[in-house]
Amino acid sequence: MSEEHSGRSGPRILVFSTNSISDPGIDLAGSAHMHYQPGVVTIPVPCSSGIRPTWVLHAIEAGFDGVFIAADGTDCALVPDCTKRTGKIVDAAQKLLKEHGHDPRRLKMAAICSVCAESFVSHMEKLSTDLERLNS
Amino acid sequence: MNYDVLVVGGGIAGMESALNLGDMGYKVLLVEKEPSIGGKMILLSKVFPTLDCASCISTPKMAGTSHHPNITMMVHSEPESIVPREDGRFQVRVRNHTNYVNPSACTGCGECTLACTVASPDQYNADLVLKRAAHIPFPQAVPKKAVIERAGTSPCSFACPAGVKAHGYIALVRAGRYDEAFALHLEDAPLVGSLSRACYAPCEGNCTRGGLEAPLSIRGVKRFLADNYYAAHPEPEYGPVEKRSGKKIAVVGSGPAGLSAAYFLAKEGHDVTILEAAPAPGGMLRYGIPAYRLPREVLDRDIKNVTALGVTIQVNQRVKSVKTLLQGGFDSVFLSVGTRESQKLRVPGEDLEGVIGCMEFLSAANAGQIASLKDKSVIVIGGGNSAIDPARLALRLGAAKVTILYRRTRSEMPAHDWEVQAALEEGVHLAELRSPLQFRGESGRLQGLEAQQMRLGEPDASGRRKPVPVDGAIETIPADLAIVSIGLKPSTAGFAAELACQKNGRLEVNDQTLETSVSGIFAGGDAVTGPSMIVQAIGQGHRAAFYINHYLQGNDLASQVFNDRLPAVNKEEVLIREQGATLRPRASLHEMAPAERVRGIVEVEQGFTEEQARAEASRCLDCGVCSECSACVRACPSSAIDLSLRDREIEVDVGAVVMASGFKLFNARAKKSLGYGRFPNVIDAMQMDRIIAPTRPYNSVLRPSDGKVPDNIAYVLCTGSRDCTLDNRLCSRVCCMYSLKQAQLIMGAVPLADITIYFIDIRAFGKGYEEFYQQARDMGVSFVKGKVAQIDQEENGNLSLTYEDIEGGGGRRKASHDLVVLSVGLLANPVSAGLFASGQLGLDPFSYVREPEEDLEPGRTNIPGVFVAGTAAGIRDIPDTILHSGAAAAQTAAYLQSMRSRV
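If you read the sequences in order, they're chains A and B.
So the first sequence is numbered by the working numbering: it starts at 6 and just counts up by one.
So the second sequence is numbered by the working numbering: it starts at -5 and just counts up by one.
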C-alpha cells in the first residue's frame, strides 16, 4: 500500500499532534510561511498517550508512507512523563507494524513544543528523506 | 557569493518582487537598510480603501519573505556600490551594519530593553515617544532581533586614557544602580576611590554638556559611587580567580601602573607578586599625593581590590636586576618603578641641610616622619603640580610662611589652575619671576636663598616666553626649608645596564605592546612616559597586562588590538540634537573653607549626596546613545549581545538588480508658514498614522502639548506637494486617500471629534476610491475647498488656520482647531542613484528612477539588468505597488532567462 503514491511529490505523512502543545507549534510553522512537505496531514488529539497502536497500523495500511507522533516532552502541565508513556505506545505500534510486514521505521516520535516550528519542519524533512529511501 | 537577483529594499515592493522571483525558482538576495523588513507599510494603521489592517496584510508577506527557501534576507545592510560587468552580471558591495547582537543567539525576548539605561527617540513611532538604546525595532519586526543603537563612543569615555566608560557609570548612577556602576568601573580601572579624589578628569573637559551650561561633575559622581560601595563593602566581594594559569609574574613598583597591571593579570588567573621598595604600597598615591587630597583609608581600600585577587605585595624590596627575576622563576616582569627622584637645580649650596627634593619631602611627610614645621619659613621652587602639593602640605604642618618661587608668571605655571587657586586661598605666597641662584647657609645649615629677578623675554622653542634676568636685581629670601620641585626623574638607573633607556632615564618600550628591549620584560607608567597622571598610568598597566597575557600564551603581540573603540561622537551634532534641553546648574563638589582646611591634614573636598549624584547624572546628554554600561549584556539569557562586533563589508555577484528603495516623506519643517516643528500641536500624517495604529504609542488619540483628546481636528492637504515654492510641483497621489482614511479611523476612535479637511482637489481615482470618499462625507467629515496659507498658535495650544474659502463665497477666513494634521507628500529617495557610478542610473526630472518606456515596459530602467519596483519609480499606492512589483519581477525573470539562453 505504501508503494501507492497518489502522484503527489514526496511521501504522505500523518502527524498526530496534541491540542495544547505540539499543534500550536506546528500551526506556527504554517502561519510563519515556513516550507515543509505538502503531503503532511495533521490530526490533533488531547493526549499522545491516548493514541492507539492500531491507528498507526491503519494509517500505514490506508496509504500513508509514514506516521509522526508530535509528543510534548516535559511541557505538558498534566502529565510529566509524556515521553515514557508515548514511548510505550510507539514500541507497541512498531511491534504491530513488524508483525504485519511493514517497516517499523515508518513510525517516528519526537517532542515538539508550542513554539518549535523550525524543529517540526526539520523533523518533516528528515522523515521525508528516510521514507523516500524506504520506498525506493 | 552568487545570487540571481539583488532586491534593494525590503518594503512592500521589495518583498513582493522577491516573493514573485523566489516562487519562480530564482535565488534572491534582499538587502534592507533597517534592522527589520516591512518598510513604511508595517508602520501604518490601516490601508485605503478597504480599511484592512496594515500589519495583518503585510506580516504574511514579511514571514513569507523571511522563510522562503529561495530568498536570503540581509537586514541592517545597504549596498554601497553596484557595478555592471561585461558578462551582464553585477558586482555588488554590501555593508552590513552590526546590531551588536549575535542574530543566531538572540530570541527577541526583550530582556535587554528592560535593563538598558539610556532612552532615545523612537524613530518607528515617528519620534512621538522614547525607546531604549537596546531595543526591538517594533513588535512585528522580522527578524525579531534586538538592536543596540550606538552613535559612537561618547566624548567622555573616549577622552579617558584608561578607557573607563564614564558614560556607562553615569547612566547606571542615573538609574539608581550604584553597585553595577562600581562593577563597571572595576572592569577598566581598579583604583576607583583614588581616581575619584585625584583624577584630573579629562572626561569633564570633553563633556558635550560643557557647550550648554557646564560639563557634568563626572568625578563627583564617581566619588559618590565609590564611597557608597566602600561604605557597604569594606572588603571586596570576590577572591582569586578559580582557573589558574600556572604562570608567575613579577610587578616591580606598586604605584597606579603596577597595581593596575597586577589586577588585570590576576583576573586572568596568573600568580602575581608585586615588589615594592617603600615600606607601604601605593607609590605616588601614598607618597606623592597628600592625605588631604587622597585619604589613606580610601587608598588602602582601593589596594584591597587588587590583593583580594590573590596578588601578594612584598614591601621593602628594592629590585636591582630584572634579568635575575626572569631567571628566578618569574615567567614575565612588568616594570613600573615610576619617577621617584627629584631633579636637582645644580646650583651651589644644594647639599646644605634644609634643602630637600620634593619627592623626598612628600614621602617623608606622607609617611608621618615630619612632625611639625611650626614657625618655619618654607620656600618651594617650581611651578608644576609637584610644587603645589608640598607647599599646601607645609602649611598644614604648621609652617609660618610658605612661598612658591617660580621663574615665570602664574599664567605660565604648568600646575592645574584650580590647585594654584586652592594654594593661594589657603595662604601660600607666590613669588613670580624669580630664579634661584644659590642656597646660602651657615655651618652646613640653610639660611636663605639668593634669587634673581626675571622678566619675560622672547618665546623659546616650546612657545613659552623665556625668562630673562633683570640686571642687578638679586635678593636673598630667608628660609628654614627649601623644597626643590622642578621635575621628577625615573628611578631606572639600576636597570640601564640591562634595558634600553632613553637619554632622560625613561625606559624604551614598544609603543603598542609596552615590551622593553628584553623579551618578556614589559614596562609602563611614569618610568616610561615621564611624570604623568594617575589615570594614564592605570591605562598603561591595563595595556601591559593585555600584552603580557598574550606573551604568556605565545601569541604574536603586534597583531593583538587592545581596546578597540568606536570613533568618538561629533559633539556639534549632539548639541544640535539637544537644542531643547532645559539648562540646569552643575553640582560642584563642596570644598571646606580655606581657613578650615589648613588646620590639619583633613580631606578638603566633600562628596555628593545621593540626590546630588543622581541629579548631576541626569544632566547627561547620552552623546553616543548606548552608554556601554553593559547592563544588556548581563541581562541577556543567551549571551547574545557583544559590543565588540563591527560592521562588515560583503561582496556579492548577482545576475540582475531590482531597485525597490521606496520614497522619502516630505519634512514639513520646510514649509515654515505651517508651523511644524514650532507648534507642538501641528503634527504630520505619519505621526497621526502611528497614533491610531494598533501598536500605538499612547492609549488614545492625544495632542502633544497637553495630552488632551482633540475634538476639532484639521487636515491640511497638499503639504509639500503641488508647491512650486518647495520645488515639488507633483501631486503625491496618495495623500487625499490616506487623509480620508485617517479621518474615518479618528471618527471611530474619538466619535465626538469634528474633522475638517482643507483641500485643493480630492483625488479619488481608483477602484473603490470614490465610494471611500463618499463614506467619509457620510460619516460627517467636513470639507473646505481652500488652500491653507498660514497657521498661528493661540494661547492654549490651539491653532488658528488662515485659509481661502473658495466654495463658501470666497475671501480670506480664519478657523480655530485644537490639532492640525499636515498631509505630507512623498518625495523621491535620493539614495537610489548613488549606488551606481555617477550618472549611470537614469533619473527623471523629479529624481525618481526613470523608466524609459514607462507605459509599455514598466519596471525597466536604462541599464539592462536593472529594474525598478514601487515608489522608487514614482509615487503610487499599495495596490499599484504590488502590480508594479509583479511587472518588475516578470521583466527581471525575462532578462535572466535571456542571459541564460545566450550561452
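We treat Cβ as the ideally placed atom computed from N, Cα and C, and that holds for glycine.
A quick note: this is a predicted structure, and the numbers were derived from the prediction, not measured.
Is there at least one Cβ from chain A nearer than 8 Å to residue i's Cβ?
i: P63 of chain B; result: yes
i: P54 of chain B; result: yes
i: G58 of chain B; result: yes
Between residue i and residue j, what straight-line distance do the alpha-carbon atoms span, to the nearest angstrom?
i: G71 of chain A; j: L136 of chain A; result: 7 Å
i: E9 of chain A; j: L139 of chain A; result: The pLDDT assigned to E9 of chain A is 43, lower than 50, so where the model puts this residue is not dependable, and the model offers no usable value.
i: G348 of chain B; j: G392 of chain B; result: 16 Å
i: L919 of chain B; j: D874 of chain B; result: Outside the shown range of chain B (-5 to 897) lies residue 919 of chain B, about which nothing can therefore be said.
i: P29 of chain A; j: S826 of chain B; result: 42 Å
i: A552 of chain B; j: F673 of chain B; result: 57 Å
i: C87 of chain A; j: Q42 of chain A; result: 27 Å
i: A81 of chain B; j: S726 of chain B; result: Note that residue 81 of chain B corresponds to Asp in the displayed sequence, not to Ala. Taking the straight line from one Cα to the other gives about 39 Å.
i: Q117 of chain B; j: R238 of chain B; result: 48 Å
i: G378 of chain B; j: G204 of chain B; result: 26 Å
i: A48 of chain B; j: P54 of chain B; result: 11 Å
i: E229 of chain B; j: L319 of chain B; result: 31 Å
i: T978 of chain B; j: A662 of chain B; result: Residue 978 of chain B cannot be examined here, being either before or after the span of chain B that is shown, -5 to 897.
i: M6 of chain A; j: G106 of chain A; result: Legend: pLDDT at M6 of chain A = 39, less than 50; position of this residue unreliable, value from coordinates given subsequently. Distance between the alpha carbons of M6 of chain A and G106 of chain A: 11 Å.
i: G421 of chain B; j: W412 of chain B; result: 14 Å
i: V77 of chain B; j: P16 of chain A; result: 45 Å
i: V733 of chain B; j: T79 of chain A; result: Contrary to the premise, residue 733 of chain B reads as Ser rather than Val in this sequence. S733 of chain B and T79 of chain A: Cα-Cα distance of roughly 52 Å.
i: Q573 of chain B; j: Q432 of chain B; result: 59 Å
i: Q363 of chain B; j: S336 of chain B; result: 18 Å
i: G5 of chain B; j: L166 of chain B; result: 37 Å
i: P824 of chain B; j: Y224 of chain B; result: 56 Å
i: E231 of chain B; j: H264 of chain B; result: 19 Å
i: G438 of chain B; j: V555 of chain B; result: 57 Å
i: S621 of chain B; j: T107 of chain B; result: 13 Å
i: A770 of chain B; j: A743 of chain B; result: 14 Å
Taking CB distances under 8 Å as the criterion, tell me whether residue i reaches chain D.
i: M114 of chain A; result: The structure shown contains no chain D; the protein chains it does contain are A and B.
Less than 8 Å between the beta carbons of residue i and residue j, yes or no?
i: N93 of chain B; j: K139 of chain B; result: yes
i: V396 of chain B; j: V374 of chain B; result: yes
i: L329 of chain B; j: A531 of chain B; result: no
i: R290 of chain B; j: E643 of chain B; result: no
i: D616 of chain B; j: S114 of chain B; result: yes
i: L102 of chain A; j: R111 of chain A; result: yes
i: P58 of chain A; j: I18 of chain A; result: no
i: V331 of chain B; j: T486 of chain B; result: yes
i: A34 of chain A; j: A75 of chain A; result: no
i: N310 of chain B; j: P273 of chain B; result: yes
i: Y842 of chain B; j: A863 of chain B; result: no
i: N706 of chain B; j: H811 of chain B; result: yes
i: T750 of chain B; j: V782 of chain B; result: no
Answer yes or no: does any C-beta atom of chain B fall closer than 8 Å to that of residue i?
i: M39 of chain A; result: yes
Can you round the beta-carbon distance between residue i and residue j to whole angstroms, since I take them to be within the 8 Å contact cut?
i: S371 of chain B; j: A445 of chain B; result: Contact doesn't hold; Cβ gap of about 14 Å is too wide.
i: L303 of chain B; j: L293 of chain B; result: Going by Cβ atoms, the distance from L303 of chain B to L293 of chain B rounds to 17 Å, so no, they are not a contact pair.
i: V814 of chain B; j: V676 of chain B; result: 5 Å
i: V112 of chain B; j: R126 of chain B; result: 7 Å
Does the region 201 to 213 of chain B come within contact of the region 602 to 618 of chain B, defined as at least 3 CB pairs closer than 8 Å? As far as the Cβ criterion goes, the region 201 to 213 of chain B touches the region 602 to 618 of chain B, which means the pair count is three or higher.
Inter-stretch contact at 8 Å, needing at least 3 Cβ pairs: the region 237 to 247 of chain B / the region 256 to 268 of chain B: yes
Does the region 115 to 132 of chain A come into contact with the region -4 to 12 of chain B, if we say contact requires no fewer than three beta-carbon pairs (one atom in each stretch) closer than 8 Å? no
Closer than 8 Å is the cut-off here; do at least three beta carbon pairs connect the region 616 to 627 of chain B with the region 171 to 183 of chain B? yes
Using a Cβ distance threshold of 8 Å, determine whether the region 32 to 40 of chain B contacts the region 128 to 135 of chain B, with at least three qualifying pairs required. By the C-beta criterion, the region 32 to 40 of chain B is judged to be in contact with the region 128 to 135 of chain B, since at least 3 inter-stretch pairs fall below 8 Å.
Contact the region 338 to 357 of chain B vs the region 376 to 386 of chain B: 3+ CB pairs below 8 Å: yes
The region 839 to 847 of chain B in contact with the region 781 to 800 of chain B per 3-pair CB rule at 8 Å: no
Between the region 159 to 172 of chain B and the region 498 to 513 of chain B, do at least 3 Cβ pairs fall closer than 8 Å? no
Whether or not the region 11 to 20 of chain B and the region 865 to 884 of chain B are in contact is what I'm after, with contact meaning three or more pairs of Cβ atoms, one per stretch, closer than 8 Å; do they touch? yes
Answer yes if the region 644 to 654 of chain B comes into contact with the region 858 to 877 of chain B, meaning at least three C-beta pairs across the two stretches below 8 Å, and no otherwise. yes
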